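J.: Note that the protein sequences, when read in sequence, are chains A and B.
Residue numbering for the first sequence follows full-length UniProt numbering, starting at 1 and increasing by one per position.
Residue numbering for the second sequence follows full-length UniProt numbering, starting at 1 and increasing by one per position.
Got a structure for you, written out below as structure tokens; questions coming shortly.
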Amino acid sequence: MGHDLAPVLELRQVSRSFGPIEVLHGVDIALQPGRVHALIGENGAGKSTMMKIMAGYQPPSSGQVALDGKPIAFASIGEAEARGISLIHQEFNLAEQLTVEENIFLGRELHRGPFLDKPAMRARVRELLAALDCRVPPERRVAQLSNSDKQMVEIAKALLRDTRVLIMDEPTAVLTRAETAVLLRQVRALRAAGTAVLFTSHKLDEVAEIADDLTIMRDGAVVWTGLAAGMDEHGMATAMVGREMSDLFPPKDSTPGEIALEVTGLNVPGHARDIGLTLRRGEVLGVAGLIGSGRTETFEALCGLRPGSGRVRLFGREVRINHPWQAQALGMCYLTEDRKTRGLLLQKGMRENLTLQALAKFDRGLIDTRAEDRALDQAIADFDIRGHRGALVGNLSGGNQQKLLFAKTLLADPEIIIIDEPTRGIDIGTKQQMYGFIRRLAAQGRAIVVISSEMQEVIGLADRVLVMRHGRITGELAGSDATEEAIVRLAMGVAVSAPQQESAT
Amino acid sequence: MTDTTKAPIRLSMSVIGPVLGLLALIVAGALLNPNFLGWDNIVNVLARSAFIGIIAVGMTFVITAGGLDLSVGSMAAFIAGLMILVMNSALPALGVGIPVVLLGMAVALAGGLLAGLLNGLIITRLGIEAFIVTLGSMGIYRSLVTWLADGGTLSLDFSLRSFYQPVYYSGILGISWPILVFALVVVLGEIVMRATAFGRHCAAIGSNDQVAKYSSVRVARVRLMTYAGLGLLVGVATIMYVPRLGSASAATGVLWELEAIAAVIIGGTVLKGGFGRVWGTVIGVLILSLISNILNLTDFVSPYLNGAIQGAIIILAVVLQRESKAGT
Ligand SMILES: Nc1ncnc2c1ncn2[C@@H]1O[C@H](COP(=O)(O)OP(=O)(O)OP(=O)(O)O)[C@@H](O)[C@H]1O
Ligand SMILES: [Mg+2]
Chain A
1 MGHDLAPVLE LRQVSRSFGP IEVLHGVDIA LQPGRVHALI GENGAGKSTM
51 MKIMAGYQPP SSGQVALDGK PIAFASIGEA EARGISLIHQ EFNLAEQLTV
101 EENIFLGREL HRGPFLDKPA MRARVRELLA ALDCRVPPER RVAQLSNSDK
151 QMVEIAKALL RDTRVLIMDE PTAVLTRAET AVLLRQVRAL RAAGTAVLFT
201 SHKLDEVAEI ADDLTIMRDG AVVWTGLAAG MDEHGMATAM VGREMSDLFP
251 PKDSTPGEIA LEVTGLNVPG HARDIGLTLR RGEVLGVAGL IGSGRTETFE
301 ALCGLRPGSG RVRLFGREVR INHPWQAQAL GMCYLTEDRK TRGLLLQKGM
351 RENLTLQALA KFDRGLIDTR AEDRALDQAI ADFDIRGHRG ALVGNLSGGN
401 QQKLLFAKTL LADPEIIIID EPTRGIDIGT KQQMYGFIRR LAAQGRAIVV
451 ISSEMQEVIG LADRVLVMRH GRITGELAGS DATEEAIVRL AMGVAVSAPQ
501 QESAT
Chain B
1 MTDTTKAPIR LSMSVIGPVL GLLALIVAGA LLNPNFLGWD NIVNVLARSA
51 FIGIIAVGMT FVITAGGLDL SVGSMAAFIA GLMILVMNSA LPALGVGIPV
101 VLLGMAVALA GGLLAGLLNG LIITRLGIEA FIVTLGSMGI YRSLVTWLAD
151 GGTLSLDFSL RSFYQPVYYS GILGISWPIL VFALVVVLGE IVMRATAFGR
201 HCAAIGSNDQ VAKYSSVRVA RVRLMTYAGL GLLVGVATIM YVPRLGSASA
251 ATGVLWELEA IAAVIIGGTV LKGGFGRVWG TVIGVLILSL ISNILNLTDF
301 VSPYLNGAIQ GAIIILAVVL QRESKAGT
């Protein structure tokens, strides 16, 4: 690469195996101070593994990690951190029961004599959070934070250290656009201060926006590296996936049939009020809105996952749903946005996870494990799940976990499927597959709700879009009316047609 | 490219650890005392293991599903007391014979089931920690049995005792009933844990109850069933236990809960739930009873140190579990 600066941190011909399987095959990467380096690739390409090696979380099986040009073997994560290398994980790494402040200072608390110096820590935390435009009180428990606030806390934690190299694994996957903008601003500030930044993202527009250098991976090897300016989004997608990318969204060609779901006056205490909607077979209904607008809670309540009240009719029949298994028995399933803590058993294998939701299908008094294996073969083929079959699900790459979660829910054969953030952390090639899959489910006559924070996704996929704000539906957009601008207006509450003044929730 | 080959089956320390421990004890016992491997001693050890063993099988399910039950020891004592009272008072009407024994057994099973359901209902409906609920019911049953016995001992009517005794002392082909029942419970337990939806659901709930809930598992019902099942097995164990001594007192079943929990953990079931194996529990029970048996047969170490050795083994088992986990 044509830069004059010497790299701070490098991988030289690094390979890494887990058991008998090699997942990184001799990769090279070099991070320069004061530059933002983006690492992109399909799910399971090895991005997270590479980052963990760079930050001392895992040793390479062969090859070298070099810091300031000199080979180094980090004895521990602490050592890498002490040398100014911080990694923010793809999955949150916070102590849920501690406060924001305690998390940020965890392991590096300030002392005055034998006691904690709370005022000093609080002041520092406020400063850090203010710089991140994050309005969370330092004494709030992390368990009570939204995903995006958690991400900000993670970043604040890394910034607390004198970080020369900041490595972020999909930092924006759980952030809204506005929050992403804040993060990118922070990244620019770090770059200006001379920090070397490495990040991954499946959102290629972000990559194009902020990266100086770019490395593209496929199947555990680097396939392209160079100046980010030398690649447009289309080129990135093609290089990542290894084939020419056609249209991301499939045509909306299904015809709406009978009414599948009819909701009136649904109230979810503390989250949503007076929700009404209808959904037909063959239809994909998009639900847009800012994070915190009550979308997830509304549909969780609908499926009996949290308390709520209102009238619900499924296929014309009035029903009461108090538990998720009742919803499933009636043909309605909710696919969670939170695959790590609500979606999958990370300590179990793929097979047990896949069949958990539809175990009755395999129950012949005893469980038919052969049928389970066949179902897993089928799911692996249908969804192109990559990973070692015997691996714990917690060791699958994030995107492959998402695909498994999808397969798991569909195994229960629901007629009405509510999918919350279907493509979070999924690579662009797989996204295209997922969209195709969702449309095909609609064409089979199923009724589908897609909740998404990615506006392009809602617009490209849905026949109609509902927009929520502060726990209420503020509008419905169909066809060519569903534009980003219109959605943003309804989501932010500046629409002309919006009801007078929403009562503060 | 998806790798479709199966993961090689690795014998981790958590699998072979307990087995090796058991073998070591057997070898040590045989070397220290020639009578150790004698038929009488083996049958004796197994029969004594049966009570704790039957309870521990039920406990395996409770722990696997992320729960705990501290009340089983006092529950057993209470059920034993109740059984004796009912049988004694039905004796004049029914006379010594099979009907009165069947009545006693029915009382034990129903009492165990109810007690387990009660624990389970409070835990699942009111959402209170299993530790607290069962700590409470442990105190309640212990106090109830003391009250029933008026601070002394409840004894089965003498004529009835000699009629009922064969349930403990005799059996088929020289294998006594407690051993046979224990074996049956173990085989059924292993199948249920390993191969049924219920066993799968227990592991899922213990592993992450949120995931189980979002996967449409009937979490509360499965949990309730683990406690009810354990209560029922406590009833079964009591049926085997009463004919042995023919009495119940405040001292009956003391510390059984801890022995059962210890056996489960030594056997490789994870204390915080998510993974359990019934055969491991059997090994755990055998290890615990062999230790006291060997100490009794030899005068190498004082039998009073029994508890210390058992305690050390429990800690060792957990250390081995941790290491095998870190190694994956
Ligand atoms: N601890 C582990 N044990 C076994 N296999 C692992 C482990 N960690 C990662 N792998 C495997 O290594 C491969 C690369 O995973 P990695 O998480 O690095 O992918 P990724 O590029 O970050 O994907 P994603 O975009 O989905 O996050 C995957 O096939 C994964 O299953
Ligand atoms: Mg990753």
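Cβ atoms here follow ideal geometry from the backbone N, Cα and C, with glycine treated the same way.
Bear in mind the structure is a predicted one, so any value in this text is a computation, not a measurement.
1) Can you find a C-beta in chain D that's less than 8 Å from the C-beta of B/Y214?
2) Who pairs with A/C333 in a beta bridge, going by DSSP?
3) Indicate the three-state DSSP secondary structure (helix, strand or coil) for A/D274 in the structure shown.
4) When you compare only the Cα positions, how much space is there between A/L9 and A/T215?
5) Leaving out the 5 sequence neighbours to the left and right, which residues in its chain are closer than 8 Å to B/L117 when beta-carbon positions are compared?
6) Would you mind telling me which residues of chain B sit closer than 7 Å to A/P324, beta carbon to beta carbon, in chain order?
7) In the structure shown, what three-state DSSP assignment does A/N93 receive?
8) Within 8 Å of any Cβ in chain B, is that where the Cβ of A/L344 sits?
9) A/R317 bridges to which residues according to DSSP?
10) Quick check: the Cα distance between B/V217 and B/L188, rounded to an integer number of angstroms?
11) Name, please, each residue of chain A whose Cβ falls closer than 8 Å to the Cβ of B/A204.
12) Is there a C-beta anywhere in chain B that falls below 8 Å from the one on A/Q401?
13) Which value, in whole angstroms, describes the spacing of the CA atoms of A/L145 and B/V19?
14) What's the gap between the Cα of A/D232 and the Cα of A/A208?
15) Kindly identify the DSSP beta-bridge partner or partners of A/M168.
16) In angstroms with no decimal places, state the Cα-to-Cα distance between B/G274 and A/N322.
17) Cβ of A/I104 within 8 Å of Cβ of A/L132?
18) If we ignore side chains and look at the alpha-carbon of each, how far apart do B/L25 and B/E190 end up?
19) By how many angstroms is the C-alpha of A/F249 removed from the C-alpha of B/V15?
20) What is the residue span of the alpha helix (DSSP H) that A/P119 lies within?
21) Does any residue of chain B have a CB that is nearer than 8 Å to the CB of A/E502?
22) Specify the secondary structure class of A/E283 as computed by DSSP and reduced to three states.
23) Below 8 Å, can you find three or more Cβ-Cβ pairs linking the segment 9 to 23 of chain A to the segment 46 to 62 of chain A?
24) Taking only beta carbons into account, state which residues of the segment 174 to 200 of chain B come closer than 8 Å to chain A, listed in chain order.
25) If contact is defined by three or more beta carbon pairs under 8 Å, each pair taking one atom from either stretch, is the segment 97 to 117 of chain A in contact with the segment 165 to 184 of chain A?
26) Is the beta carbon of A/Q151 within less than 7 Å of some heavy atom of ligand 1?
27) Between A/L5 and A/T255, what straight-line distance do the alpha-carbon atoms span, to the nearest angstrom?
28) On the criterion of 16 or more Cβ atoms from any shown chain inside 10 Å, does A/E485 qualify as buried, or is it exposed?
29) Please look up how many angstroms separate the CB atoms of B/E257 and B/V57, rounded, as I've assumed it's under 8 Å.
30) Could you pull out every residue in the same chain whose Cβ sits closer than 7 Å to the Cβ of B/I52, ignoring the five residues on either side in sequence?
31) Using CA atoms only, rank isn't needed, just tell me which of B/A65, B/A204, B/A93, B/V234 is closest to B/I54.
32) Consider the Cβ of A/D382: report whether some Cβ of chain B lies at a distance smaller than 8 Å.
33) Could you give the distance in angstroms between the alpha-carbon of B/N296 and the alpha-carbon of B/P178?
34) Do A/M217 and A/G41 come within 8 Å of each other at the CB atom, strictly closer than that value?
35) Report buried or exposed for A/W325, applying the criterion of at least 16 other Cβ atoms within 10 angstroms of its Cβ.
36) Quick one, are the C-beta atoms of residue 335 of chain B and B/V222 less than 8 Å apart?
T.: According to the structure shown:
1) No chain D appears in the structure shown, which is made up of the protein chains A and B.
2) A/I417
3) strand
4) 14 Å
5) L224, Y227, A228, G231
6) K213, Y214, S216
7) coil
8) yes
9) A/L314
10) 22 Å
11) L345, K348, E352, L356
12) no
13) 46 Å
14) 7 Å
15) A/I88, A/F199
16) 26 Å
17) no
18) 24 Å
19) 50 Å
20) 118 to 131
21) Low confidence applies to A/E502: its pLDDT is 41, below 50, so where it sits in the model is not reliable, and the reading given next is rough at best. No, A/E502 lies away from the interface with chain B (no Cβ there is under 8 Å from its Cβ).
22) coil
23) yes
24) I191, A195, T196, A197, R200
25) no
26) no
27) 59 Å
28) exposed
29) With a Cβ gap of about 14 Å, B/E257 and B/V57 do not count as contacting.
30) W256, E259, A260, A263, V285
31) B/V234
32) no
33) 22 Å
34) yes
35) buried
36) Residue numbering for chain B in the displayed model covers 1 to 328; residue 335 of chain B lies beyond these limits and cannot be assessed.
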